[in-house]
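**Q** Before I ask anything, here is the structure I am working with.
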């Protein structure tokens, strides 16, 4: 079930489907280049799911890719008629999100305390790595059934800015993201609206409403 690639574990599992060894190796080969984009990745979970409904034959095979990392969680998923096509589509999304995270890390290094960094370099030392972004803080339901909680998640509530929360939401491909607002100190949610607009919901003091 576990294949080592560039010191990263690739865990491939199936839900309602048996995963053959040759497909596990195919996944490992495909992910080899993508995982090199983030040295903080420890493990990548790849889950395959088959939809038995014949009406969904064009999208009956679903692949979800999730990285376990010392940095932010990155997730991507796709559905297609076969698992090979679904994997290629999900991997393209996954790779793009890893590139965006890598670009953001580079931008932060360029902006972070240039004078202090220059002093460190002058002293013959390497600049320190910036603190990793906060991990995913959204509770995601795998199944939407009324009056029933089918999954629970708990994540660190390290404060972050609204901008960081929007970035984390894009990395995991969700339509909302729960976080602790660094400025207000309140639990808040950013969410996607129509077009390129976003919304922000925050918990206020008792007796107040937004």
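Residue numbers (the numbering used here): 501 to 710.
Glycine included, each C-beta is placed from N, C-alpha and C at the ideal position.
1) Considering just the uninterrupted stretch of the alpha helix (DSSP H) at residue 576, what are its terminal residues?
2) Please specify which runs of the beta strand (DSSP E), each continuous and at least 3 residues long, are wholly inside the region 511–565, giving them in chain order.
3) Kindly give me the distance between the Cβ atoms of residue 589 and residue 601, rounded to whole angstroms, as I take these residues to be in contact under 8 Å.
4) For residue 534, which residues from the same chain have a beta carbon less than 8 Å from its beta carbon, with the 5 sequence-adjacent residues on both sides left out?
5) May I have the straight-line CA-CA distance separating residue 662 from residue 691, to the nearest angstrom?
6) Whole angstroms are fine: how far does the CA of residue 547 sit from the CA of residue 522?
7) For residue 540, which residues from the same chain have a beta carbon less than 6 Å from its beta carbon, with the 5 sequence-adjacent residues on both sides left out?
8) So residue 577 and residue 562 are in contact, right, with Cβ under 8 Å, and what is the actual spacing, rounded?
9) Rounding to the nearest angstrom, what Cα-Cα distance links residue 524 and residue 676 in this structure?
10) In whole angstroms, what separates the C-alpha of residue 516 from that of residue 549?
11) CA-CA distance, residue 700 and residue 520?
12) Determine the contact status of residue 574 and residue 678, defining contact as a CB-CB distance below 7 Å.
13) Does DSSP classify residue 681 as helix, strand or coil?
14) Around the C-beta of residue 513, are 16 or more other C-beta atoms found within 10 angstroms, so that it is buried, or is it exposed?
15) Comparing alpha-carbon positions, which option in 585, 693 and 565 lies nearest residue 558?
16) Starting from residue 700 and walking both ways along the beta strand (DSSP E), at which residues does that stretch end?
17) Are there 16 or more other CB atoms within 10 angstroms of the CB of residue 688, so buried, or fewer, so exposed?
18) If you reduce the DSSP assignment to three classes, tell me which class residue 686 lands in.
19) When the cut-off is 7 Å and only beta carbons count, does residue 514 lie next to chain D?
20) Less than 7 Å between the beta carbons of residue 543 and residue 509, yes or no?
**A** So, to answer that:
1) That residue, residue 576, is in no alpha helix (DSSP H); its beta strand (DSSP E) goes 574–580.
2) 541–550
3) Wrong, their Cβ atoms sit about 19 Å apart, outside the cutoff.
4) Counting only Cβ-Cβ distances below 8 Å, and skipping sequence neighbours, we find 591, 594, 595 and 598.
5) The C-alpha of residue 691 is placed about 11 Å away from the C-alpha of residue 662.
6) 15 Å
7) 569, 570 and 571
8) 7 Å
9) Residue 524 and residue 676: Cα-Cα distance of roughly 32 Å.
10) 6 Å
11) 44 Å
12) no
13) strand
14) exposed
15) Cα-wise, what sits closest to residue 558 is 585.
16) 698–702
17) buried
18) Residue state, collapsed to three classes: coil.
19) Going by chain labels, chain D is absent from the structure shown, which holds only one protein chain.
20) yes
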